Amino acid sequence: MVEREVDIPTPKKRKYHHNVSMSPVSGETLRRERLSLPIYPARRKIIQQVQRLDTVILIGETGSGKTTQIPQYLMEAGFGKIGTVACTQPRRVAAVTVATRVSKERGCELGAQVGYCVRFDDMTSENTKIKYMTDGMLLREAIGDPLLKRYSVIILDEAHERTIQTDILFGVVKAAQKRRKQSNLRPLKVIVMSATMDVDHFSQYFNRAPVLYLEGRQHPVKVMYTMEPQEDYIYAALVTVFQIHQEAPPQEDVLVFLTGQEEIETLARTMRDIAYHCPSDAPSMVVRPLYAALPPTAQLKAFEAAPTGSRKVILATNIAETSVTIKGIKHVVDTGMVKQRLFRPTSGLDSLVVKKVSKAQAWQRTGRAGRESSGTCYRLLTEEEFEQLAQTTIPEIQRVNLASVVLQLLALRIHDIMEFDFMDKPARESLLTALQQLHLLGAVEKQKQVQLTPLGRQMAAFPLDPRFAKVILAAKDHHCTEEILTIVAMLSVDSVLFTPASKREMAAAVRRKFMSEEGDHIMLLNIYRAFKAVKGNRPWCQENFINSRNVSNAMDIRGQLRDLCQRLQIPLESAGQDTAVIRTCLAKGLFMNAAELQRGGEYITIETRQPVAIHPSSCLFQCKPGYVIFSELVQTTKCYMRDLSVVDQRWLQEAAPNYFKQDRT
DNA sequence: GAGCACTGC
Numbered sequence: 001m002v003e004r005e006v007d008i009p010t011p012k013k014r015k016y017h018h019n020v021s022m023s024p025v026s027g028e029t030l031r032r033e034r035l036s037l038p039i040y041p042a043r044r045k046i047i048q049q050v051q052r053l054d055t056v057i058l059i060g061e062t063g064s065g066k067t068t069q070i071p072q073y074l075m076e077a078g079f080g081k082i083g084t085v086a087c088t089q090p091r092r093v094a095a096v097t098v099a100t101r102v103s104k105e106r107g108c109e110l111g112a113q114v115g116y117c118v119r120f121d122d123m124t125s126e127n128t129k130i131k132y133m134t135d136g137m138l139l140r141e142a143i144g145d146p147l148l149k150r151y152s153v154i155i156l157d158e159a160h161e162r163t164i165q166t167d168i169l170f171g172v173v174k175a176a177q178k179r180r181k182q183s184n185l186r187p188l189k190v191i192v193m194s195a196t197m198d199v200d201h202f203s204q205y206f207n208r209a210p211v212l213y214l215e216g217r218q219h220p221v222k223v224m225y226t227m228e229p230q231e232d233y234i235y236a237a238l239v240t241v242f243q244i245h246q247e248a249p250p251q252e253d254v255l256v257f258l259t260g261q262e263e264i265e266t267l268a269r270t271m272r273d274i275a276y277h278c279p280s281d282a283p284s285m286v287v288r289p290l291y292a293a294l295p296p297t298a299q300l301k302a303f304e305a306a307p308t309g310s311r312k313v314i315l316a317t318n319i320a321e322t323s324v325t326i327k328g329i330k331h332v333v334d335t336g337m338v339k340q341r342l343f344r345p346t347s348g349l350d351s352l353v354v355k356k357v358s359k360a361q362a363w364q365r366t367g368r369a370g371r372e373s374s375g376t377c378y379r380l381l382t383e384e385e386f387e388q389l390a391q392t393t394i395p396e397i398q399r400v401n402l403a404s405v406v407l408q409l410l411a412l413r414i415h416d417i418m419e420f421d422f423m424d425k426p427a428r429e430s431l432l433t434a435l436q437q438l439h440l441l442g443a444v445e446k447q448k449q450v451q452l453t454p455l456g457r458q459m460a461a462f463p464l465d466p467r468f469a470k471v472i473l474a475a476k477d478h479h480c481t482e483e484i485l486t487i488v489a490m491l492s493v494d495s496v497l498f499t500p501a502s503k504r505e506m507a508a509a510v511r512r513k514f515m516s517e518e519g520d521h522i523m524l525l526n527i528y529r530a531f532k533a534v535k536g537n538r539p540w541c542q543e544n545f546i547n548s549r550n551v552s553n554a555m556d557i558r559g560q561l562r563d564l565c566q567r568l569q570i571p572l573e574s575a576g577q578d579t580a581v582i583r584t585c586l587a588k589g590l591f592m593n594a595a596e597l598q599r600g601g602e603y604i605t606i607e608t609r610q611p612v613a614i615h616p617s618s619c620l621f622q623c624k625p626g627y628v629i630f631s632e633l634v635q636t637t638k639c640y641m642r643d644l645s646v647v648d649q650r651w652l653q654e655a656a657p658n659y660f661k662q663d664r665t
């Protein structure tokens, strides 16, 4: 079997901004600021260590300036001459904002000496010496070049967050470093930067690399515990906020960590209500919710300063833990709870569960009270309860379906998945489940070793869950890529429908015109087409309860998927009026997510015979089709199927004859 | 008849 290469495309190049001109004054100020950063005294030591050693671990608190300065130090020490200095970030915004900042410090155009590279946006050039990028982006590059030859230094920043991508990069970078050494290539220097308490774990993994500690610029935060365990953390949060409100000066804002949208909205209503009935001499209170699903304009309100004399109370999810920082926070109220995704390999079921945070996470939250001056953190736990929390959060790689991860590893030509050098190995069972799933999709085969089939190699080129990559490749044979690309793109973004609690009926009525008796996938196609027909017109979106930001994201993703198809010589073809063929293609990837109607009118999944129900938001909710496929299963009050399509039983058989061999029907 | 944290390619 010949392994055919599929090159992994990089994002489109963007032109430089030619309007970034620096006045000498601000340039000088920036240079002075660089010298006054707490990290500056460690400059020489850091450079020496990197010159002397292959791997260095840097532990630094927030505010040390490590992310902006260390790449510059290394470039100034000559590492930019022999290759690029890369610095990876878990989030896009971080990569973009840090690169912008650093290019200003160097007084150069963004994209010239200093640039960034994130999905849909490459701001680099041949001259770029310092490149900030998302960790996912570097991982994509590694598929095309496992030795990462263009880099002289790779800095893995925010390593303590342990995202799946960072975790895989650990192994990939370590292997690249070793192989470059063995083949007498230019050495690859690796720097791991973390705010972790888990220093030994990192050092052990990276061949006992030495650890450098960097001083930060964080103000002291006083930590308070409750005297008694709290049965109701929401009520406890409410009481604590009003205690602070009574005692503290009104300009001191409060940040409360909660678990989700509904909890936040309910508590916000209660708080406004109580604040309204407070004695009139008390300072007023502005309550602002903050969570990712909130429309951007509403999100911005959380960042606006409250009117003079009133206090701002922000009720946030863990979006405020890492993704955004809010000025003026003096008090943090930590419920000690978080909503977390959990995957059970035995049932293949994903669920979201509310659980206690880890100590590391609690400290991260605490730090949010000490950004500008000293503050206070109220933990709604007793000190004993806190001591019993887990030390760190379980890394994501041990909590999710690994089908994508395994496909990526195989694309990186790592064949012995079970023996991959994970910093924390996922459960053997999870890896086997993933391999089996890929096998069923026709992505892997076992010769002497497990390897990708030509189909699997093509699938790996798509930034998608393997099931959806398969759907696209099936669409090629059924000549309906046009429609399938749209549906897959729409499934890749957050919900395009939004339903305000107060206008539920109106939203449902308006939505009827997009509905299809074939299911939600066809409905998504209808919505996308309608959106395009009106060119994303804002008032239209409002009237139709469509989230325009999310549909726009879907358009970007569709564009990327279309470009990938072009590279793989998959023609763009439309099914015309034939919507059945579209559902046939969906079945080729989603046959593992299939359910059948029972005599009693209930559904069970075909494979695991597990009782499931149609989600009430589905357009098939009132219908009882014999066979359905679905995009995902979500466990809440029941086990619900989301995003369904009606299918013919034969399509399932045809999609995976072996899988359904022992079927009783 | 129900409500889903957060990222990323």
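full-length UniProt numbering puts the first residue of the first sequence at 1, with every later residue one more than the last.
From the three backbone atoms N, C-alpha and C, an ideal C-beta is built for every residue, glycine too.
Every value quoted in this text rests on a predicted model; they were computed, and no experiment measured them.
Its Cα nearest to that of T393, the residue H160 stands out among S64, I154, G144, H160. In terms of Cβ geometry, R511 and G589 do not form a close pair [threshold 8 Å]. DSSP, reduced to helix, strand and coil, places L380 outside both helices and strands of the structure shown, so it counts as coil.
A residue is called buried when at least 16 other Cβ atoms come within 10 angstroms of its Cβ; A595 meets this threshold and is buried.
One Cα belongs to C117, the other to P426, and the distance between them is close to 29 Å.
R642 is bridged by DSSP to E632. When secondary structure is reduced to three states using DSSP, Y73 falls in the helix class. With respect to R642, H615 sits close: the two C-beta atoms are nearer than 8 Å. Contact between V332 and L267 fails: their C-beta atoms lie close to 16 Å from each other, not under 8 Å.
In the displayed model, I329 falls within a strand according to three-state DSSP. When C-beta atoms of the stretch 193 to 201 are compared with those of the stretch 349 to 356, fewer than three pairs fall below 8 Å, so the two segments do not count as touching. In the DSSP assignment, S103 falls within the unbroken alpha helix (DSSP H) covering 92 to 105. When only Cα atoms are considered, K149 and L138 end up about 12 Å apart. For V50, same chain residues with a beta-carbon under 8 Å away, outside a window of 5 residues either side, are V56, L74, A77, F79, V153, K189, I191 in chain order. Using a 10 angstroms sphere on the CB of Q364, the tally of other CB atoms reaches 16 or more, which defines it as buried. Distance from the CA of R650 to the CA of M555, rounded to the nearest whole angstrom, comes to 33 Å. Under DSSP, Y40 shares a beta bridge with no residue.
Cα atoms of R101 and E109: separation of roughly 11 Å, rounded to the nearest angstrom. Straight-line spacing of the CA atoms in L633 and C639 works out to 7 Å. Using a Cβ distance threshold of 8 Å, H219 and G442 do not count as a contacting pair. E483 and H439 have their C-alpha atoms roughly 26 Å apart. Looking at V628, F630, R52, E654, the one whose alpha-carbon comes closest to that of A209 is R52. Non-local beta-carbon contacts of G456 in its own chain, meaning distances under 6 Å to residues more than five positions away in sequence, involve A443, V444 in chain order.
The three-state secondary structure of V50, taken from DSSP, is helix. Measuring C-alpha to C-alpha distances from S36 to each of E215, G83, E654, V471 identifies E215 as the nearest. Taking the CA atoms as reference points, T166 sits about 10 Å from V173. For V286, the enclosing beta strand (DSSP E) covers residues 285 to 290. Rounded to whole angstroms, the gap between the alpha carbons of D477 and A112 is 43 Å.
Excluding residues up to 5 positions away in sequence, Y378 lie with their Cβ nearer than 6 Å to the Cβ of M224 in the same chain. Taking every protein chain shown into account, the CB of R32 has fewer than 16 other CB atoms within 10 angstroms, so this residue is exposed. Under DSSP, no beta-bridge partner is assigned to L185. In the DSSP assignment, I314 falls within the beta strand (DSSP E) that extends over 311 to 316. With contacts defined as CB atoms closer than 8 Å, I546 and L485 fail to qualify as a contacting pair.
Linking E429 to D350 through their CA atoms gives a straight-line distance of about 15 Å.
For the options P454, R529, I414, the alpha carbon positioned closest to that of I143 is the one of I414. Counting only residues of its own chain and dropping the five nearest sequence neighbours on each side, L644 has a CB closer than 6 Å to the CB of G519, D520, S618, L620, V628, F630.
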